[in-house]
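Beneath this line is the structure, given in structure tokens, with notes to follow.
In our numbering, the protein residues as written are 72 to 205.
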């Protein structure tokens, strides 16, 4: 009779262990489903359509250069960005950068009339050039 009781308690113990294992598996599956759903939601938010950037209209507005600046870059009306680009092309073509400090520009006769001095820093150049545009 003792053997029968021992077998019965073993069966109950294994049934309880099996129930616990199925409960754990069920909770793990539920957790996986919720994390997958959360991951799908975040990917949908990240995949929004990208709108094309519009150029700044004021930045691209054609400006007419003064007579002193026109001697360097030409007489046609062009945006400020292109004015600076043409100035740098002129500076590099004529080797007007200071060899010791490339940030400084050594003015030749044409640039001296624009800058008003012999040497100008590249940051100061854009400030001075804006006075010659209208």
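From the three backbone atoms N, C-alpha and C, an ideal C-beta is built for every residue, glycine too.
Measure the alpha-carbon distance for residue i versus residue j and round it to whole angstroms.
i	j	result
residue 125	residue 152	16 Å
residue 162	residue 120	42 Å
residue 147	residue 133	9 Å
residue 167	residue 143	13 Å
residue 174	residue 185	18 Å
residue 129	residue 150	9 Å
residue 145	residue 157	9 Å
Enumerate in chain order the residues of its own chain whose CB-to-CB distance from residue i is below 8 Å, with the five nearest sequence positions on each side excluded.
i	result
residue 189	177, 178 and 183
Which of the three DSSP states is assigned to residue i in this structure?
i	result
residue 158	helix
residue 168	strand
residue 190	strand
What does the Cβ neighbour count give for residue i, buried or exposed, with the cut at 16 atoms within 10 Å?
i	result
residue 131	exposed
residue 136	buried
Below 8 Å on the Cβ atoms is my contact criterion, and I expect residue i with residue j to pass it. Report the Cβ-Cβ distance as a whole number of Å.
i	j	result
residue 155	residue 200	7 Å
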